[in-house]
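Protein chains in written order, with my numbering: chain A, 3 to 227; chain B, 3 to 227.
Every residue gets a Cβ at the ideal spot worked out from N, C-alpha and C, and that includes glycine.
Below: one structure, written as structure tokens.
2 protein chains.
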Amino acid sequence: MAVRQRDPKSTRSALLDAAADLFAKRGFDGTTIDAIAKQARVNKAMISYHFGGKRGLYGALLSEILTNMAARLEAVRAWDAPPEQRMVAFIAAFREVVRVQPVAPQIMLREVISGGRHVDRKILPNFLAIFTVLQGILEQGTREGKFRPVNPVLTQIGLVGSLMFFFATETFRKRIVREIGVDAGSMDAEDYIRHWRDMMLGGLAVRPVAGFPVPVDSGPSQGDE
Amino acid sequence: MAVRQRDPKSTRSALLDAAADLFAKRGFDGTTIDAIAKQARVNKAMISYHFGGKRGLYGALLSEILTNMAARLEAVRAWDAPPEQRMVAFIAAFREVVRVQPVAPQIMLREVISGGRHVDRKILPNFLAIFTVLQGILEQGTREGKFRPVNPVLTQIGLVGSLMFFFATETFRKRIVREIGVDAGSMDAEDYIRHWRDMMLGGLAVRPVAGFPVPVDSGPSQGDE
DNA sequence: GTCTATAGGCTGATAGAC
DNA sequence: GTCTATCAGCCTATAGAC
Numbered sequence: 003m004a005v006r007q008r009d010p011k012s013t014r015s016a017l018l019d020a021a022a023d024l025f026a027k028r029g030f031d032g033t034t035i036d037a038i039a040k041q042a043r044v045n046k047a048m049i050s051y052h053f054g055g056k057r058g059l060y061g062a063l064l065s066e067i068l069t070n071m072a073a074r075l076e077a078v079r080a081w082d083a084p085p086e087q088r089m090v091a092f093i094a095a096f097r098e099v100v101r102v103q104p105v106a107p108q109i110m111l112r113e114v115i116s117g118g119r120h121v122d123r124k125i126l127p128n129f130l131a132i133f134t135v136l137q138g139i140l141e142q143g144t145r146e147g148k149f150r151p152v153n154p155v156l157t158q159i160g161l162v163g164s165l166m167f168f169f170a171t172e173t174f175r176k177r178i179v180r181e182i183g184v185d186a187g188s189m190d191a192e193d194y195i196r197h198w199r200d201m202m203l204g205g206l207a208v209r210p211v212a213g214f215p216v217p218v219d220s221g222p223s224q225g226d227e
Numbered sequence: 003m004a005v006r007q008r009d010p011k012s013t014r015s016a017l018l019d020a021a022a023d024l025f026a027k028r029g030f031d032g033t034t035i036d037a038i039a040k041q042a043r044v045n046k047a048m049i050s051y052h053f054g055g056k057r058g059l060y061g062a063l064l065s066e067i068l069t070n071m072a073a074r075l076e077a078v079r080a081w082d083a084p085p086e087q088r089m090v091a092f093i094a095a096f097r098e099v100v101r102v103q104p105v106a107p108q109i110m111l112r113e114v115i116s117g118g119r120h121v122d123r124k125i126l127p128n129f130l131a132i133f134t135v136l137q138g139i140l141e142q143g144t145r146e147g148k149f150r151p152v153n154p155v156l157t158q159i160g161l162v163g164s165l166m167f168f169f170a171t172e173t174f175r176k177r178i179v180r181e182i183g184v185d186a187g188s189m190d191a192e193d194y195i196r197h198w199r200d201m202m203l204g205g206l207a208v209r210p211v212a213g214f215p216v217p218v219d220s221g222p223s224q225g226d227e
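So this is what it looks like as structure tokens:
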């Protein structure tokens with residue numbers, strides 16, 4: 003039993019790792035400091051010592067995730083390139099963040115659903131960066147005549163939403179495949195990224211496309227209620 | 003003080019309403035039965051009496067939401083129409099559910115992030131219906147040559163994800179507008195629906211479009227890490 | 001920096017009167 | 001069906017020894 007002692011640095015990071023995993027799976031309120039400490043193989047009093055309590059630990063984790071993502075996206079913002087390529091780079095950057103921190107989408111989604119209750123004013127701009135970068139790319143594309151004129155805010159919300167949703171729901175999708183036994187075909191992350199890259203570029207293409215006359219709604223008859 | 007008494011039916015529905023609101027905002031673990039009872043103006047012992055406890059109340063709510071959504075989508079599934087129109091109807095049906103139950107996206111998203119921990123086997127198929135209906139529409143479109151051949155599962159995940167995200171994050175988006183003061187332009191639900199209808203139809207249009215040579219990735223230089 | 005022991009508050013549930 | 005009173009369990013946090 004050689005591996006018994008810890009250096010202080012690893013205590014901090016062990017706690018952050020365990021917290022990331024558990025907060026992602028069960029949310030802030032569903033996670034106990036006991037569970038975190040146990041999973042980190044650390045005494046639970048260490049949470050207060052190093053982070054000032056459960057809330058402090060969560061804040062440190064959230065800040066780390068948002069800072070990391072904002073940094074990656076900043077590179078895309080600063081990149082001087084055609085809008086199509088910058089959009090592809092945006093998607094790739096998002097994917098890269100998830101590769102490094104697989105729990106990021108769950109935690110960010112939970113946070114955003116809760117109205118950003120734990121998001122400190124100081125890191126709110128980092129959160130916003132996720133959206134403004136893409137917005138700038140869309141505006142560039144429209145300005146340069148490469149994209150049809152679209153509402154950049156609505157576009158941005160949808161793309162970020164679909165990306166977050168995919169990565170945040172992996173566990174549930176696996177459960178469905180397991181329990182229902184539907185073969186869902188490929189749900190590989192790289193395929194998903196490529197697929198939505200193409201969908202976005204197609205959806206943003208300057209009209210008229212080969213495609214559709216904008217269809218009339220109506221829909222199936224269904225009694226109001 | 004005439005309005006003091008209740009009939010039993012209204013106690014049940016008052017509890018369901020309060021539970022919907024609070025579970026949506028704060029999640030299952032973040033909501034106390036005290037808070038629910040107080041908001042419903044009902045004695046908290048009634049939760050055990052009518053629903054067998056907190057978990058039972060949540061289950062009843064979740065079941066109600068999923069049943070409602072599955073019913074609406076079933077009409078779209080059964081509708082015999084061209085795939086473009088059926089997809090538009092799918093989106094409209096989703097929007098209609100949200101109009102009737104604005105909390106549905108938050109609750110469903112939370113559930114799905116948690117891996118479906120509270121989703122009973124009995125209602126799991128209802129959950130799945132949300133995805134299979136769209137999948138059928140996409141397959142129809144590809145079969146009929148109206149859509150380009152796409153992976154229906156990936157397409158479906160992205161569309162449902164972007165819809166859920168939009169409606170589940172309204173509170174947070176409003177906070178950002180308020181605190182940062184960015185004028186986000188129109189974030190109206192009907193605009194969003196129309197926008198993504200067009201994006202989907204464009205993204206699914208049979209190639210080649212006017213548009214892009216599929217761009218090469220690369221992206222901005224950024225040190226690995 | 002780490003651990004043990006314990007305080008003190010809150011939570012979900014229910015027994016029993018009406 | 002409804003309400004009051006109550007309880008046992010769990011949770012976060014920390015004082016104090018090492």
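Let me check understanding here. Comparing Cα to Cα, which of the options lies closest to residue i?
i	options	result
Leu140(A)	Ile93(A), Asp185(A), Phe169(A) and Leu17(A)	Ile93(A)
Val78(B)	Gly138(B), Val105(B) and Arg180(B)	Gly138(B)
Lys176(B)	Phe30(A), Arg14(A) and Val114(A)	Val114(A)
Arg199(A)	Val102(B), Asp185(B), Gly160(B) and Tyr51(B)	Gly160(B)
Arg28(A)	His52(A), Ile109(A) and Phe96(A)	Ile109(A)
Leu64(A)	Ala39(A), Lys124(A) and Val90(A)	Lys124(A)
Phe149(B)	Phe133(B), Ala42(B) and Leu206(B)	Leu206(B)
Gly221(A)	Asp122(B), Gly117(B) and Ala95(B)	Ala95(B)
Glu181(B)	Pro107(A), Arg112(A), Thr33(A) and Gly118(A)	Gly118(A)
Lys56(A)	Leu203(A), Ala37(A), Ser164(A) and Thr173(A)	Ala37(A)
Gln103(A)	Arg88(A), Arg74(A), Phe25(A) and Ile67(A)	Ile67(A)
Met189(B)	Met201(B), Thr171(B), Met89(B) and Leu203(B)	Thr171(B)
Asp185(A)	Val152(B), Pro151(B) and Thr134(B)	Thr134(B)
Ala16(B)	Phe30(B), Asp31(B) and Gln41(B)	Gln41(B)
Ala131(A)	Glu146(A), Glu76(A) and Asp19(A)	Glu76(A)
Arg74(A)	Pro84(A), Arg97(A), Ala62(A) and Leu203(A)	Arg97(A)
Val208(A)	Gly147(A), His120(A) and Met201(A)	Gly147(A)
Gly58(B)	His120(B), Asp82(B) and Met71(B)	His120(B)
Gln142(B)	Leu111(B), Met89(B) and Gly183(B)	Met89(B)
In or out: residue i buried (at least 16 other Cβ within 10 Å) or exposed?
i	result
Gly54(B)	exposed
Tyr60(B)	buried
Gly187(A)	exposed
Asn45(A)	exposed
Tyr194(B)	buried
Thr157(A)	buried
Ser12(A)	exposed
Glu86(A)	buried
Ser50(B)	exposed
Pro154(A)	buried
Ala22(B)	buried
Thr231(A)	This structure cannot speak to residue 231(A), because chain A is shown only from 3 to 227.
Pro127(B)	exposed
Arg14(B)	buried
Arg43(B)	exposed
Gly204(A)	buried
Ala80(A)	exposed
Starting from the beta carbon of residue i, find every residue of chain A whose beta carbon is closer than 8 Å, and list them in chain order.
i	result
Tyr194(B)	Leu156, Ile159 and Gly160
Asn153(B)	Gly187, Ser188, Asp193 and His197
Glu181(B)	Arg123 and Leu126
Pro85(B)	Within chain A, no residue comes near Pro85(B); the closest Cβ sits about 10 Å away, beyond 8 Å.
Pro104(B)	By Cβ distance, chain A contributes nothing, its closest Cβ being about 13 Å from Pro104(B), past 8 Å.
Ser164(B)	Ile159, Gly160, Leu161, Gly163, Ser164 and Phe167
For a contact defined as C-beta to C-beta under 8 Å, what are the partners of residue i on chain B?
i	result
Met202(A)	Met201 and Gly205
Leu140(A)	Per Cβ cutoff of 8 Å: no residues; Leu140(A) is ~12 Å from chain B at best.
Mind pulling the chain A residues with CB within less than 7 Å of residue i?
i	result
Val114(B)	Thr171 and Phe174
Phe25(B)	Residues of chain A passing the Cβ test: none, with the nearest at roughly 11 Å.
Show which residues of chain B have a CB atom less than 9 Å away from the CB atom of residue i.
i	result
Arg145(A)	Those do not exist, as Arg145(A) stays about 16 Å from chain B at its closest Cβ, beyond 9 Å.
Gly61(A)	Correct list: empty, because the minimum Cβ distance to chain B is about 17 Å.
Ala20(A)	Those do not exist, as Ala20(A) stays about 18 Å from chain B at its closest Cβ, beyond 9 Å.
Phe96(A)	Within chain B, no residue comes near Phe96(A); the closest Cβ sits about 11 Å away, beyond 9 Å.
Leu136(A)	The premise fails here: Leu136(A) is roughly 13 Å from chain B at the closest Cβ pair, so nothing lies under 9 Å.
Check the C-beta distance from residue i over to residue j and give it rounded, since I have them as a contact under 8 Å.
i	j	result
Ala106(B)	Val99(B)	6 Å
Thr33(B)	Phe25(B)	5 Å
Ser164(B)	Ser164(A)	4 Å
So with CB distances below 7 Å, who are the chain B contacts of residue i?
i	result
Gln108(A)	Ile115
Output, in chain order, the set of chain A residues within a Cβ distance shorter than 9 Å of residue i.
i	result
Arg28(B)	Asp31, Ser116 and Arg119
Leu130(B)	Ile178, Ile182 and Val184
Ala80(B)	Pro222
Q) What runs of the alpha helix (DSSP H), each 4 residues or longer, lie entirely inside the segment 91-139 of chain A? A) 106-115
Q.
Extract the residue ranges of the alpha helix (DSSP H) inside the segment 159-192 of chain A, only unbroken runs of 4 or more that lie entirely within it.
A. 172-182
Q: Would you list, in sequence order, the uninterrupted alpha helix (DSSP H) runs of no fewer than 4 residues that lie entirely inside the segment 22-60 of chain A?
A: 35-42 and 47-53
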